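Residue numbers (my numbering): 1054 to 1353.
As structure tokens, the structure follows; a few thoughts come after it.
Printed below as a string of structure tokens:
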């Protein structure tokens, strides 16, 4: 499929998930089960295979993609902090917005989009971009632990022991060691990874809830504009400065245009930030990304 057909297929799967919720074929709480399957089984299988089969001779460039993600996240976070500061939001509302603005949905949504449009080579670059998102998440977790207290075990479990991150490490190690996998293991991983994209899209459709957006439409609109329009525009300048070209450049810009990460809601819940405003930012930016990502991919 070309890029337009790929995005259209993704949109249709999201709509199917939303329809299933509206007609009670599936319930909103089923999202948690689907997410556990995706995060703990399907995506790790997808990532491991991609890393194992990847050409890792360009590790320096892949590292640059990771650093670009961190840079983009910091820029977006600073812009959001300045905006919320002058708007006079409370501290916990401000940090909820900053978290939603800083963290990218570069894995949960980024993997299916880049794999579908750019193939396995694009997915490999998306994985390294998402490593930057994981580093930002860990940094936020430590920061909020210092500010509001909490358990270091929670951050360790959600980040360092995050199955997709472990899959990145194991896949790279197996690749570099040329570890033989036989025929059964690749087949099993192939079947499991094949479930990742449809389950992710159905889960996104199930999680879309527009009723709670009205109260926080203003700030959610700002975050959506920041994530979906301003961030990729800044990324065009950043990738030029660091010398990324070709597929490296394209995937990095597309990933920079991803909506707010669902992990930002986990931070808001864990540290008692403004959960409603964070959720509104995630939902609105995710819904609008269906349009913005289609345009972005056609332009880059």
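The beta carbon of each residue, even a glycine, is placed where N, CA and C say it ideally should be.
For clarity, every value in this text was computed on a predicted model and none was experimentally measured.
In chain order, what residues of the same chain have a beta carbon less than 6 Å from the beta carbon of residue 1185, not counting five sequence neighbours either side?
Taking the chain shown and counting its residues from 1, the one referred to as residue 1185 is at position 132. The residues are 1119, 1122, 1123.
Am I right that residue 1340 and residue 1309 are in contact with their C-beta atoms under 8 Å? What's the rounded C-beta distance?
On the chain shown, position 287 is the one that residue 1340 refers to. On the chain shown, position 256 is the one that residue 1309 refers to. Incorrect: roughly 19 Å between the Cβ atoms, too far for contact.
How many angstroms separate the CA atom of residue 1303 from the CA atom of residue 1254?
Mapped onto the chain shown, residue 1303 falls at position 250. Mapped onto the chain shown, residue 1254 falls at position 201. Approximately 22 Å between the Cα atoms of the pair.
Inter-residue Cα distance where the pair is residue 1272 and residue 1174
Against the chain shown, residue 1272 aligns to sequence position 219. Against the chain shown, residue 1174 aligns to sequence position 121. Cα-Cα distance, rounded: 36 Å.
Whole-number beta carbon distance between residue 1249 and residue 1095, since they are thought to touch under 8 Å:
Here residue 1095 is taken as the residue at index 42 of the chain shown, counted from 1. Here residue 1249 is taken as the residue at index 196 of the chain shown, counted from 1. 4 Å between Cβ atoms; contact.
Pick out the complete alpha helix (DSSP H) segments inside the segment 1073 to 1123, 4 residues or longer, and give them in chain order.
1083 to 1090, 1096 to 1106
Which one of 1191, 1307, 1073, 1117 has the shortest CA to CA distance from residue 1347?
Here residue 1347 refers to the residue found at position 294 when the chain shown is read from its first residue. Of the listed residues, the one whose Cα sits closest to residue 1347 is 1307.
Closest to residue 1152 by C-alpha separation, out of 1351, 1197, 1162, would be which residue?
Translated into the one-based positions of the chain shown, residue 1152 becomes position 99. Nearest of 1351, 1197, 1162 to residue 1152, Cα basis: 1197.
May I have the straight-line CA-CA distance separating residue 1180 from residue 1269, to the nearest angstrom?
To locate residue 1180, count along the chain shown from 1; it is residue 127. To locate residue 1269, count along the chain shown from 1; it is residue 216. Residue 1180 and residue 1269: Cα-Cα distance of roughly 32 Å.
Residue of 1074, 1058, 1066, 1320 minimising C-alpha distance to residue 1260:
Here residue 1260 refers to the residue found at position 207 when the chain shown is read from its first residue. For residue 1260, the nearest C-alpha among the options comes from 1074.
Near residue 1059, which residues of its chain fall below 6 Å by C-beta distance, leaving aside the five closest residues on each side in sequence?
Locating residue 1059 in the chain shown gives position 6, counting from the first residue. Counting only Cβ-Cβ distances below 6 Å, and skipping sequence neighbours, we find 1169, 1170.
Pull up the CB-CB distance for residue 1297 and residue 1167, whole angstroms please, since I reckon it's below 8 Å.
In the chain shown, residue 1297 corresponds to position 244, counting from 1. In the chain shown, residue 1167 corresponds to position 114, counting from 1. Wrong, their Cβ atoms sit about 15 Å apart, outside the cutoff.
Roughly how many angstroms lie between the CA atoms of residue 1221 and residue 1130, to the nearest whole one?
Walking along the chain shown from the start, residue 1221 turns up at place 168. Walking along the chain shown from the start, residue 1130 turns up at place 77. Spanning the two alpha carbons is a distance of roughly 26 Å.
Considering only the alpha carbon of each residue, which of 1064, 1280, 1101 lies closest to residue 1157?
Residue numbering aside, residue 1157 sits at position 104 when the chain shown is read from its first letter. Cα-wise, what sits closest to residue 1157 is 1280.
Just checking my contact of residue 1257 with residue 1162 at CB under 8 Å: how many whole Å lie between their CB atoms?
Position 204 of the chain shown, counting from 1, holds the residue named residue 1257. Position 109 of the chain shown, counting from 1, holds the residue named residue 1162. About 7 Å; that satisfies the 8 Å criterion.
Measure the CB-CB distance between residue 1072 and residue 1343 and report whether it falls below 8 Å.
Indexing the chain shown from 1 puts residue 1072 at position 19. Indexing the chain shown from 1 puts residue 1343 at position 290. Their beta carbons are not under 8 Å apart, which means residue 1072 does not touch residue 1343 by this criterion.
When you compare each of 1087, 1176, 1138 to residue 1108 by their alpha carbons, which one comes out closest?
Along the chain shown, read from residue 1 onward, the residue named residue 1108 stands at position 55. Closest option to residue 1108, Cα to Cα, is 1176.
When you compare the CB positions of residue 1101 and residue 1247, do they come within less than 8 Å of one another, or not?
Residue numbering aside, residue 1101 sits at position 48 when the chain shown is read from its first letter. Residue numbering aside, residue 1247 sits at position 194 when the chain shown is read from its first letter. Result no, Cβ atoms of residue 1101 and residue 1247 do not sit closer than 8 Å.
Rounded straight-line distance, which links the Cα of residue 1322 to that of residue 1274
For this step, residue 1274 is matched to residue 221 along the chain shown. For this step, residue 1322 is matched to residue 269 along the chain shown. Residue 1274 and residue 1322: Cα-Cα distance of roughly 21 Å.
Within this structure, are the beta carbons of residue 1333 and residue 1266 separated by less than 8 Å?
Within the chain shown, the letter at position 280 stands for residue 1333. Within the chain shown, the letter at position 213 stands for residue 1266. For residue 1333 and residue 1266, yes; Cβs fall inside 8 Å.
For residue 1285, the first and last residue of its enclosing alpha helix (DSSP H)
What you label residue 1285 is simply residue 232 of the chain shown in a count that begins at 1. Element bounds for residue 1285: 1284 to 1295.
Would you identify the three-state DSSP class for residue 1313, choosing helix, strand or coil?
Taking the chain shown and counting its residues from 1, the one referred to as residue 1313 is at position 260. If DSSP states are grouped into helix, strand and coil, residue 1313 belongs with the strands.
DSSP bridge partner residues for residue 1157 (one or two, in chain order)
To locate residue 1157, count along the chain shown from 1; it is residue 104. Bridge partners of residue 1157: 1313.
Does the distance from the C-beta atom of residue 1189 to that of residue 1277 stay below 8 Å?
Within the chain shown, the letter at position 136 stands for residue 1189. Within the chain shown, the letter at position 224 stands for residue 1277. Their beta carbons are not under 8 Å apart, which means residue 1189 does not touch residue 1277 by this criterion.
Close-in-space but distant-in-sequence residues of the same chain around residue 1088 (CB under 6 Å, 5 per side omitted)
For the purposes of this step, residue 1088 is taken as residue 35 along the chain shown, with counting starting at 1. So the list reads 1256, once near-sequence residues are dropped.
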